[in-house]
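Asker: Under our numbering, the sequence shown has 774 at position 587, and the numbering climbs by one with no breaks. Glycine included, every Cβ here is placed at the ideal spot set by N, Cα and C.
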Amino acid sequence: MFGDLLATGSSVIAKASNLGISGLKFNSKKHYGFSGKDVKENIWNTINGKGNYSQVSQLESQLSEEEKSVRLYIEVAPKAGDSFSSLSVYKVSDGEAVTLNFNPEDNKLYLLDFWATWCGPCQEPMKHNQEMLERNPSWEGLAEIIAVSLDDTKEDPDARMREKGWNKITSYWAGAEGFGSTSAKSLGIEGIPSCFLVRNGKLLWSGHPAKVDLEKLINEGIAGSPLSLPPPPPEVGDPCPTLNVLDTNTEEAVALTWREDDGNVYLIDFWATWCGPCQKPMQHNQDMLASHPEWAGKFVILAISLDDGKDEVIERYNQRGWTLVRNLWAGPKGFDESAPQIFGVDGIPTCVLVHKGKVLWKGHPSERKFEQDVDALLKGEPFPTKYQQGEVHLISKEEYDGRIEALKKVYEEFISANPYIEPPTINFDAKLSQTADSHEETQESFIYGEYSATEKDVAASLADKVKDVFPEAEIRVKAIPAEASCERGNQCNLCNAPLTPNDIQYQCLYCDPKHYHCENCEKVVKEGIAGSAKFAHPHSVFVIHPAAQKLDFLKFGASTHEKTEFAEDQEDKKHWCGCDNRNTGHCDGTVAGTRYKCAHCPDFDYCQACQEKYEAKEEKTIAWADSHGHRSWHIMIKLRIP
């Protein structure tokens with residue numbers, strides 16, 4: 188099987204090389220994931236490299252039918268100065284396919300904004316686009332703002348544009364494929380909102396609209412003046428710029444500088460206390476330093492928080508005992524402070540490795556094995572481009588199929604005995620890499636999961652049984668502290684009605700002593716009163732229903748959601764998140780007024796209407812939630828904007 192893939196990969200690489208796409212590597216990756224009773228199998232054959240979209244299209248046209256099973260994964264995002272000649276889109280009015288042409292002789296300035304109605308962070312930039320056009324009637328004929336929607340249907344953007352009165356923005360639809368559409372793929376779009384400034388058939392700038400003053404850029408572009416753009420983030424191999432931050436221990440401003448003669452290794456970790464995915468890497472930073480006392484003074488981890496205030500950062504450090512990781516704060520503007528801006532940080536966690544004054548790598552911490560990186564660098568060895576995997580035994584399809592059947596039985600028995608514990612996940616990756624200079628086969632298997640201290644041993648028992656089936660698998664099951672907890676109350680603090688385990692009740696995330704109230708009081712909305720004071724209780728609450736379980740082990744709570752009270756009713760009641768039930772067709776993804784966030788799931792939200800559908804056990808809603816790990820016994824957090 189792998190020999191066949193290798194032959195396919197070699198021929199593709201030869202063709203790619205003829206197109207001048209450098210650094211191309213073929214990978215065959217088998218990824219097997221087990222979640223609950225479902226067994227999922229994804230087989231990815233990828234070509235990795237860099238090139239422009241025309242090169243990729245030419246390469247695709249040369250592939251044989253057999254080779255078309257190979258998925259091309261080639262970086263195609265254009266950069267400033269590149270040609271930007273056309274874009275394939277659809278009219279939102281009738282779905283007609285059209286090609287937008289941007290000719291070298293066309294002096295008009297075009298701002299392209301890729302967005303979607305379900306994307307919360309896209310709505311404010313779209314509103315700003317309309318306001319800019321209203322403020323600047325002199326732009327007519329000189330500048331045009333074009334919105335390209337990645338929604339599932341053309342009706343979604345059409346309805347939103349009409350509803351909001353965004354009538355000065357030219358609206359198009361990318362197609363039903365969304366991120367997989369020709370226009371999105373040609374520009375390498377992986378996240379939205381994403382904007383592109385074009386003139387004379389060339390790209391002037393691209394990025395997140397919040398990173399620049401678009402109105403100023405457009406005026407400069409119309410005038411033919413140089414654009415006031417921030418300098419590009421440093422690339423791998425560039426000198427690491429000075430970073431200005433605040434040391435939370437000394438409360439002093441610090442300028443982090445770097446020297447070419449400094450042999451120490453530095454890991455910069457941009458994070459925040461409210462960022463769920465940031466917590467595990469931060470704990471790993473502490474554990475890594477604790478496990479290697481010999482690295483003291485030679486390997487330094489600089490954690491730069493993007494929180495609004497430094498107090499919550501200090502509190503989190505104290506709670507977790509992160510004594511070995513240097514605690515730094517970017518400043519009150521978070522992502523807009525100079526340190527994250529210098530590196531173009533628009534998502535966290537983001538890490539940067541620095542050695543001898545230069546940037547070695549930047550990316551998500553899951554992409555590297557820092558222990559091996561640091562060990563090699565401190566020994567004076569080259570920065571690892573691949574990791575030592577040891578003896579490799581690639582599993583045949585027949586052997587794999589037999590193991591699958593055994594695993595199904597193990598998982599079904601575990602789920603039956605432990606309905607409220609998510610079983611750990613097993614990943615099996617078999618990788619085959621072929622380049623002009625090397626051939627490599629590697630395999631990595633691991634069983635992982637994060638649990639409360641009381642559940643860890645139960646989950647570990649399943650991991651042991653899985654290891655009997657996959658003996659080469661590494662067990663990564665561990666206990667982690669809960670971010671929050673709640674508990675059932677005995678009496679409503681508002682009407683004094685008794686509360687029992689059979690009642691739906693509400694507990695405040697913040698109040699101390701604990702505040703509880705009943706469902707009847709929760710429904711109260713006081714007439715003639717504005718803001719959060721109109722509700723029975725002004726704060727966000729845990730919704731504790733009779734089926735709720737694992738109240739002592741929540742991923743979200745007061746530490747992840749800042750207490751917010753509104754003195755007045757808000758004109759824009761939208762929460763900056765999307766409803767996860769939008770894919771069932773029951774809503775457009777907008778969450779306004781009341782938001783329900785799961786306190787157990789990593790990222791799961793409902794609007795009011797879809798929460799009601801879930802509680803009513805609507806078939807599509809239940810099926811979609813189950814397939815994405817949301818369970819009926821999960822605690823929900825209710826957050827309201829009056």
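#1: Quick one: what does DSSP say V828 is sitting in, helix, strand or coil?
#2: Tell me, which residues are paired with T393 by DSSP?
#3: Comparing C-alpha positions only, which one of Y635, A754 and N683 sits nearest to E661?
#4: Excluding the 5 residues preceding and the 5 following V730 in the sequence, name in chain order all residues of the same chain whose CB lies nearer than 8 Å to its CB.
#5: Which residues mark the beginning and the end of the beta strand (DSSP E) in which H542 is found?
#6: Run through the DSSP bridge pairs and tell me what N431 is partnered with.
#7: I need the straight-line Cα distance from I529 to P396, nearest angstrom please.
#8: Excluding the five sequence neighbours on either side, which residues of its own chain have a C-beta within less than 8 Å of the C-beta of G550, listed in chain order?
#9: Pull up the DSSP beta-bridge partners for A779, would you.
#10: Excluding the five sequence neighbours on either side, which residues of its own chain have a C-beta within less than 8 Å of the C-beta of T357, listed in chain order?
#11: Apply the 10 Å Cβ neighbour rule to V653 and answer buried if 16 or more other Cβ atoms are within range, or exposed otherwise.
#12: Taking the straight line between their C-alpha atoms, what separation do you get for F657 and D269?
#13: Do you know how far the Cα of N683 is from the Cα of D343?
#14: Under DSSP, the beta strand (DSSP E) around L404 begins and ends at which residues?
#15: Could you compute how far the alpha carbon of Y504 sits from the alpha carbon of W763?
#16: Quick check: the Cα distance between N316 and E439, rounded to an integer number of angstroms?
#17: Between the segment 727–741 and the segment 666–674, are three or more C-beta pairs nearer than 8 Å?
#18: Determine the burial state of E637: buried for a count of at least 16 other Cβ atoms within 10 Å of its Cβ, exposed for fewer.
#19: Hey, would you say W445 sits closer than 9 Å to G531, going by beta carbons?
#20: To the nearest angstrom, how far is the alpha carbon of K485 from that of L511?
#21: Between which two residues does the alpha helix (DSSP H) containing Q317 stretch?
#22: Go through its chain and collect everything with a Cβ distance to C427's Cβ below 7 Å, but skip five positions before and after it.
#23: Under 9 Å, do G718 and P829 count as touching if we go by C-beta distance?
#24: Using only the alpha-carbon positions, how far apart do A812 and Y801 sit?
#25: Take the Cβ of E252 as the centre, count every other Cβ of all protein chains shown within 10 Å, and call the residue buried at 16 or more, exposed below.
#26: By the 10 Å Cβ neighbour count, where 16 or more other Cβ atoms means buried, how is D523 classified, buried or exposed?
#27: Cβ of K351 less than 9 Å from any chain D Cβ?
#28: What is the C-beta distance between T460 and E499, in whole angstroms, given that I count them as a contact (C-beta under 8 Å)?
#29: Where does the unbroken beta strand (DSSP E) through Q694 begin, and where does it stop?
#30: Quick one: using the 10 Å Cβ neighbour count with 16 as the cut-off for buried, is R349 buried or exposed?
#31: With DSSP as the reference, identify every bridge partner of M823, one or two as the case may be.
#32: Go ahead and pull the three-state DSSP assignment for E262.
#33: Rank T435, A483 and A442 by C-alpha distance to the C-alpha of S492 and give the top, closest one.
#34: Roughly how many angstroms separate the alpha carbons of V257 and A640, rounded to a whole number?
#35: Using the C-alpha atoms, what's the distance from S393 back to T429?
#36: Whole angstroms are fine: how far does the CA of P291 sit from the CA of R386?
Answerer: Reading it off the structure:
#1: In the sequence shown, the residue the question calls residue 828 occupies position 641. Note on residue identity: the sequence assigns Ile, not Val, to residue 828. Looking at I828 - three-state DSSP - the assignment turns out to be coil, as it is neither helix nor strand.
#2: Looking up residue 393 in the sequence shown gives position 206. A small correction: the amino acid at residue 393 is Ser; Thr does not occupy that position in the sequence shown. Bridge partners of S393: F383.
#3: By one-based count along the sequence shown, residue 661 stands at place 474. Of the candidates Y635, A754 and N683, the one whose C-alpha sits nearest the C-alpha of E661 is Y635.
#4: Here residue 730 refers to the residue found at position 543 when the sequence shown is read from its first residue. These residues qualify, in order along the chain: I691, Y693, Y783, I822, M823, I824 and K825.
#5: By one-based count along the sequence shown, residue 542 stands at place 355. H542: member of the beta strand (DSSP E) spanning T537 to H542, first to last residue.
#6: Walking along the sequence shown from the start, residue 431 turns up at place 244. DSSP lists A442 as partners of N431.
#7: In the sequence shown, the residue the question calls residue 529 occupies position 342. In the sequence shown, the residue the question calls residue 396 occupies position 209. Separation of I529 and P396 (C-alpha to C-alpha, rounded to the nearest whole angstrom) is 16 Å.
#8: On the sequence shown, position 363 is the one that residue 550 refers to. Closer than 8 Å at the Cβ level, and outside the excluded window around G550, lie T537 and C538.
#9: On the sequence shown, residue 779 is found 592 positions in, with the first residue counted as 1. DSSP lists K761 as partners of A779.
#10: Mapped onto the sequence shown, residue 357 falls at position 170. Non-local C-beta neighbours of T357 in its own chain, meaning closer than 8 Å and more than five positions away in sequence, comprise E331, I332, I333 and A334, ordered along the chain.
#11: Taking the sequence shown and counting its residues from 1, one reaches residue 653 at position 466. V653 should be labelled buried.
#12: Position 470 of the sequence shown, counted from the start, is the residue given in the question as residue 657. Position 82 of the sequence shown, counted from the start, is the residue given in the question as residue 269. Going by the C-alpha atoms only, they are around 49 Å apart.
#13: Looking up residue 343 in the sequence shown gives position 156. Looking up residue 683 in the sequence shown gives position 496. Rounded to the nearest angstrom, the two C-alpha atoms are 47 Å apart.
#14: As a working mapping, residue 404 is identified with position 217 in the sequence shown. Where L404 is concerned, there is no enclosing beta strand (DSSP E), although the alpha helix (DSSP H) it sits in stretches over L401 to A410.
#15: For the purposes of this step, residue 504 is taken as the residue at position 317 of the sequence shown. For the purposes of this step, residue 763 is taken as the residue at position 576 of the sequence shown. In a straight line, the C-alpha of Y504 is about 27 Å away from that of W763.
#16: Translated into the one-based positions of the sequence shown, residue 316 becomes position 129. Translated into the one-based positions of the sequence shown, residue 439 becomes position 252. Answer to the nearest angstrom: the Cα atoms are 39 Å apart.
#17: Yes: at least three Cβ pairs fall under 8 Å.
#18: By 1-based counting over the sequence shown, the position of residue 637 is 450. Here E637 is buried, its C-beta having at least 16 other C-beta atoms within 10 Å.
#19: In the sequence shown, counting from the first residue as 1, residue 445 sits at position 258. In the sequence shown, counting from the first residue as 1, residue 531 sits at position 344. At least 9 Å separates the beta-carbon of W445 from that of G531.
#20: Residue numbering aside, residue 485 sits at position 298 when the sequence shown is read from its first letter. Residue numbering aside, residue 511 sits at position 324 when the sequence shown is read from its first letter. The alpha-carbon atoms of K485 and L511 are separated by roughly 13 Å.
#21: One-based indexing of the sequence shown puts residue 317 at position 130. Here the alpha helix (DSSP H) through Q317 covers G307 to R322.
#22: For the purposes of this step, residue 427 is taken as residue 240 along the sequence shown, with counting starting at 1. Correct list, in chain order: P421, W445, V541, G544, K545 and V546.
#23: Residue 718 sits at position 531 when you count from the first residue of the sequence shown. Residue 829 sits at position 642 when you count from the first residue of the sequence shown. Yes, the Cβ-Cβ distance between G718 and P829 is below 9 Å.
#24: As a position in the sequence shown, residue 812 is number 625, starting the count at 1. As a position in the sequence shown, residue 801 is number 614, starting the count at 1. Taking the straight line from one Cα to the other gives about 9 Å.
#25: Translated into positions along the sequence shown, residue 252 becomes position 65. Residue confidence for E252 is low, a pLDDT of 47 falling below 50, so the modelled location carries little weight; the figure read from the coordinates is stated next. By the neighbour-count criterion, in which a residue is buried when 16 or more other Cβ atoms sit within 10 angstroms of its Cβ, E252 is exposed.
#26: Taking the first residue of the sequence shown as 1, we reach residue 523 at position 336. It is exposed - the Cβ of D523 has fewer than 16 other Cβ atoms within 10 Å.
#27: Absent here is chain D; the protein component of the structure consists of one chain.
#28: In the sequence shown, the residue the question calls residue 460 occupies position 273. In the sequence shown, the residue the question calls residue 499 occupies position 312. Between E499 and T460 the Cβ distance is about 5 Å, and since that is below 8 Å, they are a contact.
#29: Position 507 of the sequence shown, counting from 1, holds the residue named residue 694. It spans Q692 to C695 - the beta strand (DSSP E) in which Q694 sits, taken as one unbroken run.
#30: Within the sequence shown, the letter at position 162 stands for residue 349. Here R349 is exposed. Its C-beta has fewer than 16 other C-beta atoms within 10 Å.
#31: Position 636 of the sequence shown, counted from the first residue, corresponds to residue 823. DSSP lists V730 and C785 as partners of M823.
#32: One-based indexing of the sequence shown puts residue 262 at position 75. Residue placement at E262 cannot be trusted, given a pLDDT of 42 that sits under 50; what the coordinates show is reported in the next sentence. Strand at E262.
#33: Working through the sequence shown from its first residue, we reach residue 492 at position 305. If we check each option's Cα against that of S492, T435 comes out closest.
#34: For the purposes of this step, residue 257 is taken as residue 70 along the sequence shown, with counting starting at 1. For the purposes of this step, residue 640 is taken as residue 453 along the sequence shown, with counting starting at 1. The predicted model places V257 with a pLDDT of 40, which falls under 50 and marks its position as unreliable, so this point remains unresolved.
#35: Locating residue 429 in the sequence shown gives position 242, counting from the first residue. Locating residue 393 in the sequence shown gives position 206, counting from the first residue. If I take the Cα positions, the gap works out to 24 Å.
#36: In the sequence shown, the residue the question calls residue 386 occupies position 199. In the sequence shown, the residue the question calls residue 291 occupies position 104. C-alpha separation (whole angstroms): 8 Å.
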